[in-house]
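Undergrad: For reference, the structure I am asking about is given below.
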Amino acid sequence: MTALSPTFPWAKGAKDDYRACPVTTLKVDLHTERLIIANAVMAVVCLTLGGIAALLIALTRWQAIHLLDATWFYRLLTLHGIDMLVAWIVFFEMAGLHFGSTVLLNARHAAPKLAWLGFILMTVGGLMANFVVWFDTNSIVTFTAYVPLKAHPLFYLSYILFAVGALIAVITFFINIVVAKREARFEGSMPLVVFGLMTAAILATYTLLQGAAAIVPAFLWSLGLMDLDPGIYRNFFWGFGHPAQQVNLAAMVAIWYSLAQMTVGIRPLNEKFSRLAFILYLFFINLGSAHHLLVDPGLTFGWKAVNTSYAMYLAVLGSMMHAFSIPAAMEVALRAKGFRKGLFGWLRNGPWNEPGFGALVTSMILFGWVGGVTGVTIGTEQINMLAHNTLRLPGHFHATVVGGTTTAFMGFTYYVIPLIFRKELKLKKWAVWQPYVFGFGTLLVSLGMITSGLQGVSRRNWDITFAGVVPGTVDLTLAIFGIGALIAVTGGIMYITVVLTSILTGPRLEASNMLLVAGTNNPLLESTKLTDHQLEDKQNQPRGTLVLVFAFLVWFAVYYLTNWWLLGRTWFIR
Ligand code: HEM
Ligand SMILES: [Cu+2]
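First residue of the sequence shown? That's 1205 in our numbering, and the numbers climb one at a time after it.
Laid out in C-alpha cells, this is it:
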C-alpha cells in the first residue's frame, strides 16, 4: 500500500494498491480488479441483450416460423450486431487488456482515472446506440450503417463515444506497459500472452482511428454538413471493420494460450515462433480488408486481386502457426504427464470436464475447421461472386466470432470469477457442459447458414419467399440453422446463469485452486516445471498434432476445390 511517486502527471494519486493472488501468486492491482469487474459486467449485459435479439431474429429467418415483422427484424438485427460484435466483445477485451498490462506483469494500473473515463464513454455510447435504434425507425441501418442509409446523428455519435472510450482504454494499456517496464516489474521480454494482447492493442489503435475516418464523416453528413460518397464510406468502414476482427482474433489467441496454460500447463514450444505469428497479424491483416469490397463497382479488378491475395495469406499463415503451436504444446504437456499411448492418447486423456479446456478445444475447432476454412474460401475473388451477401457470410463469421471468440471468452470468464470477482464458481456441472452446448448449437447455426447460402439464400433478408420459389432443401437447411439457434441460445442462457449465480450469491472468497473441476493441482505453476528434457523427450513429440494438421489441410483443400467446382458449374458451356 505504498504510495508511489507518480511517474506522469495523469497518474497522480495512483497507489500501489494490490493484493497477492493465493493461487497464481500474482499481484492483483485493486484498480485493475474493479475495472475488470465493471467491464466484464457490461460485457455480460450486452451479451444478454444481443442474445435476446439473436433468438428473435433467428426465429424470423427460420422461414417456417417467421416470427417478427420486417421493422422489428431489422431493428433487432441492428441491435444484435452492435451489442454482440461491438459491445460484448470489446468490453470483454478491455477487461483483458487491463488484466494483461498489470496482473500478468505484477504491475500496477498507472492510469486508473483515464481507464474509468474510457469505460464511462463506452458505456454511454453503447447504451445510447441501443436507445437510438430502439426508438428511432430511421436509425435501423444495421451495424455497418452504410451510407446513404441515413440514421439519426445520435446514432453516429454513440459509435464515436464508444470508439473514443475504447481508444482511451487501449492507451492505458500502453501506459501500463511503459510504467511497468520503467519500474522494472518484469524482466526481459514480456510474457507471450501479454505480447498477444499487445498485438491486439496495436491493431485496436489503428482500427479505432480508421473507424473515426468512417464514422466522423458519416456523423457530419447526417447533420447535413457535408456530402459523403457511399463507395468511400464503405472503403473506410471496412478499413475499420475487418481489422477489428483481427483485434478479436489476436485477443482470442492470447486467451487460447492462457487457457492452455491454465488447464493443461503448457509451455510454448517455441516462443519466437508464436511471437512471429502475432507479428504476421500486425503487418498483414489490415491489407486483407478488401474482401468486403469484392462486388463494389468503383474499384478495379487488379486492386481487389492484390488486396485479397498475398497479404491475406500471410495473415492466415499466422493463424496456422498458432493452430499448430497450441495443440502441439498441449500434446507435449499431456504426454509429459504420461498419456503417451498411440497418436491420440493424450487427447483422450485431456481434462474434458474442465470448462476452460472444453471451451478451448471447442473454440479452436469451430474457429479453424469451420470459420477459417470458409473464410479463406469466400475471400477468394471469383468464389466471392457466388457467395457475396448470401447467408454463407454470417455462417462463416458465426463460426469465428461466436464459436471461436465468444466461446473462448466464455470459458475464460469461469476463471475470472474466482480469481478476480473472488466468488466461488457455482453450478459447476453447467459450466462443464456449457461450452459444448453453446459450441454444438453454434456449429449447427453456421452449417445451416452456410448450406442455405450455398443455395442462394441471401443475408439480411426478412423474407425469402417473396419470389415464390424456394426449394425444399432450403427449408431443411434453415431448420438445421433454427434448431442450432435454439441450442446455442440455451448455451448462452447457461453461461449467463452460471455467471450471475456465482457473482450475486455466496460470500466473497479467496480462490484456493486454479482448476475448477478437474483437480486440485495447479497447472499454472506446473507449467514452469515442464523441463527442457521433457520438451525434447522423443516420447513427448507432438505426432498426433501433426496428423491433425494434415487432416486439416486435406479438409481445407477439399472444401476450397469443391467451391471452384461449383463455380465452374454455374455456367454451362456446351
Ligand atoms: C446465440 C447465438 C447466435 C445466434 C442464434 C445468432 C443469430 C444471428 C442471425 C439469425 C443473424 C441474421 C443473419 C441475417 O439475416 O443476415 C445474425 C447476424 C449477426 N450476428 Fe449473430 N447470432 C448469435 C450470436 C452472435 C454473436 C455472439 C455475435 C458476435 C460476437 C454475433 C454477431 C452477428 C453479426 C455481426 C451479425 C450481422 C448483423 C448484420 O448483418 O447487420 N452473433 N446472427
Ligand atoms: Cu473481413
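In this text, a Cβ means the ideal position worked out from N, Cα and C, and glycines have one as well.
1. Which two residues bound the contiguous beta strand (DSSP E) that contains D1233?
2. What residues sit near ligand 2, counting only those whose C-beta is closer than 6 angstroms to one of its heavy atoms, in chain order?
3. Is the closest heavy atom of ligand 1 to the C-beta of I1293 under 7 angstroms?
4. CA-CA distance, P1213 and H1302?
5. In whole angstroms, what separates the C-alpha of G1575 from that of D1221?
6. What does R1223 pair with, by DSSP beta-bridge criteria?
7. By alpha-carbon positions, which one of T1594, A1715 and Q1738 ends up nearest to T1229?
8. Give the straight-line distance between the Cα atoms of L1208 and A1384, rounded to the nearest whole angstrom.
9. Tell me the DSSP secondary structure of S1662 in three-state form.
10. Checking contacts by CB at 8 angstroms: is A1373 closer than that to chain D?
11. Express the C-alpha separation of G1748 and G1554 in angstroms, rounding to a whole number.
12. According to DSSP, T1594 sits in a beta bridge with which residue or residues?
13. What does the alpha-carbon distance come out to for the pair P1226 and G1255?
14. Say the cut is 7 angstroms; is the CB of H1284 nearer than that to a heavy atom of ligand 1?
15. Using CA atoms only, rank isn't needed, just tell me which of A1315, A1404 and T1282 is closest to V1165.
16. Where do the ends of the alpha helix (DSSP H) carrying H1356 lie?
17. Cβ of V1703 within 7 angstroms of any heavy atom in ligand 1?
18. Please report the distance separating the alpha-carbon of V1245 from that of P1622.
19. Go to G1572, then tell me how far its alpha helix (DSSP H) extends in each direction, as first and last residue.
20. Could you check how far apart the C-beta atoms of G1672 and G1599 are, in whole angstroms? I think they sit under 8 angstroms.
21. Considering only heavy atoms of ligand 1, does any lie closer than 7 angstroms to the CB of F1347?
22. Cα-Cα, which of L1413, N1342, D1340 and V1397 is closest to S1305?
23. Label L1570 either buried or exposed according to how many other C-beta atoms from any shown protein chain fall within 10 Å of its C-beta, with 16 as the threshold for buried.
TA: With the given structure in hand:
1. As a first step, residue 1233 is located in the sequence shown; it is residue number 29 there, counting from the start. K1231 to D1233 is the extent of the beta strand (DSSP E) around D1233.
2. Counting every residue whose Cβ lies closer than 6 angstroms to a heavy atom of ligand 2, we get H1446, Q1449, H1495 and H1496.
3. Counted from its first residue, the sequence shown places residue 1293 at position 89. The answer is yes for I1293.
4. On the sequence shown, position 9 is the one that residue 1213 refers to. On the sequence shown, position 98 is the one that residue 1302 refers to. Summary for P1213: the model assigns pLDDT 46, below 50, so the residue's position carries little reliability, and this model does not support an answer.
5. Taking the first residue of the sequence shown as 1, we reach residue 1575 at position 371. Taking the first residue of the sequence shown as 1, we reach residue 1221 at position 17. Cα-Cα distance, rounded: 42 angstroms.
6. For this step, residue 1223 is matched to residue 19 along the sequence shown. V1232, per the DSSP bridge assignment.
7. Translated into the one-based positions of the sequence shown, residue 1229 becomes position 25. Closest option to T1229, Cα to Cα, is A1715.
8. One-based indexing of the sequence shown puts residue 1208 at position 4. One-based indexing of the sequence shown puts residue 1384 at position 180. Below a pLDDT of 50, predicted positions are generally treated as unreliable, and L1208, at 46, falls in that range; the measurement from the model is reported next regardless. Their Cα atoms are separated by approximately 13 angstroms.
9. Counted from its first residue, the sequence shown places residue 1662 at position 458. Residue state, collapsed to three classes: strand.
10. The structure shown contains no chain D; it is built from a single protein chain.
11. As a first step, residue 1554 is located in the sequence shown; it is residue number 350 there, counting from the start. As a first step, residue 1748 is located in the sequence shown; it is residue number 544 there, counting from the start. Distance between the alpha carbons of G1554 and G1748 is about 13 angstroms.
12. Within the sequence shown, the letter at position 390 stands for residue 1594. Per DSSP, S1662.
13. Locating residue 1226 in the sequence shown gives position 22, counting from the first residue. Locating residue 1255 in the sequence shown gives position 51, counting from the first residue. Answer to the nearest angstrom: the Cα atoms are 35 angstroms apart.
14. To locate residue 1284, count along the sequence shown from 1; it is residue 80. Flag set: Cβ of H1284 near ligand 1.
15. Lying outside 1205 to 1778, the shown extent of the chain, residue 1165 is not represented and no answer is given.
16. If you number the sequence shown from 1, residue 1356 lands on position 152. No alpha helix (DSSP H) contains H1356, which DSSP labels as neither H nor E.
17. For the purposes of this step, residue 1703 is identified with residue 499 of the sequence shown, where counting begins at 1. No, Cβ of V1703 sits at least 7 angstroms from all heavy atoms of ligand 1.
18. Residue mapping note: residue 1245 aligns to position 41 of the sequence shown, counting from 1. Residue mapping note: residue 1622 aligns to position 418 of the sequence shown, counting from 1. Approximately 15 angstroms, taken between the alpha carbons.
19. Reading the sequence shown from its first residue, position 368 is the one you call residue 1572. Neither: G1572 is in no alpha helix (DSSP H) and is coded neither H nor E.
20. Walking along the sequence shown from the start, residue 1672 turns up at place 468. Walking along the sequence shown from the start, residue 1599 turns up at place 395. Going by Cβ atoms, the distance from G1672 to G1599 rounds to 24 angstroms, so no, they are not a contact pair.
21. Locating residue 1347 in the sequence shown gives position 143, where the first residue counts as 1. Because some heavy atom of ligand 1 lies under 7 angstroms away, the Cβ of F1347 counts as near it: yes.
22. If you number the sequence shown from 1, residue 1305 lands on position 101. Nearest option by C-alpha distance: V1397.
23. The residue labelled residue 1570 in the question sits at position 366 within the sequence shown. Buried is the call here.
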